[in-house]
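Q: Here it is, the structure in full.
Residue numbers (our numbering): 7 to 106.
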């Protein structure tokens with residue numbers, strides 16, 4: 007990830023394993039910003055399928071609580087710089103994020 011973002015942006019990178027250090031509701035809201043949460047969800051995750059989230063998502067507060075309890079519901083990595091966000095391993099998206 008650091009190689010892809012370049013030296014300047016890599017200095018700003020904060021890496022976190024949220025299976026070891028869970029996110030708070032405030033952090034989840036900060037990650038998503040004003041972007042719709044569904045685009046961040048890992049639709050291949052077992053919990054997504056078991057709970058039938060493809061058919062109907064819970065209201066935002068309930069969805070945030072679910073993400074906190076099941077952090078693998080978030081597609082990774084989530085890379086945000088200001089108001090711009092890239093989800094998943096999107097090399098071109100990450101390059102455009104840092105202006106390359």
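The beta-carbon is built from N, C-alpha and C at its ideal position, and this holds for glycine as well. It should be emphasised that the depicted structure is a prediction, and the values quoted were computed from it without experimental measurement.
What residues in its chain sit with their C-beta under 7 Å from that of residue 107, if we drop five residues either side in the sequence?
A: The structure shown has nothing for residue 107, since the chain only spans 7 to 106.
Q: Run the CB neighbour count on residue 65, radius 10 Å, all protein chains shown included, and call it buried at 16 or more, exposed below.
A: Within the chain shown, numbered from 1, the residue matching residue 65 stands at position 59. By the neighbour-count rule (16 or more Cβ atoms within 10 Å), residue 65 is not buried but exposed.
Q: Whose CA, out of 100, 33, 79, lies closest to the CA of residue 57?
A: Walking along the chain shown from the start, residue 57 turns up at place 51. Minimum Cα distance to residue 57 is reached at 79.
Q: How would you call residue 85, buried or exposed, if buried means at least 16 neighbouring beta carbons within 10 angstroms?
A: By one-based count along the chain shown, residue 85 stands at place 79. Buried, because 16 or more other Cβ atoms sit within 10 Å of the Cβ of residue 85.
Q: Tell me which residue opens and which closes the alpha helix (DSSP H) that residue 87 is part of.
A: In the chain shown, residue 87 corresponds to position 81, counting from 1. From DSSP, residue 87 is part of no alpha helix (DSSP H) but of the beta strand (DSSP E) over 84-87.
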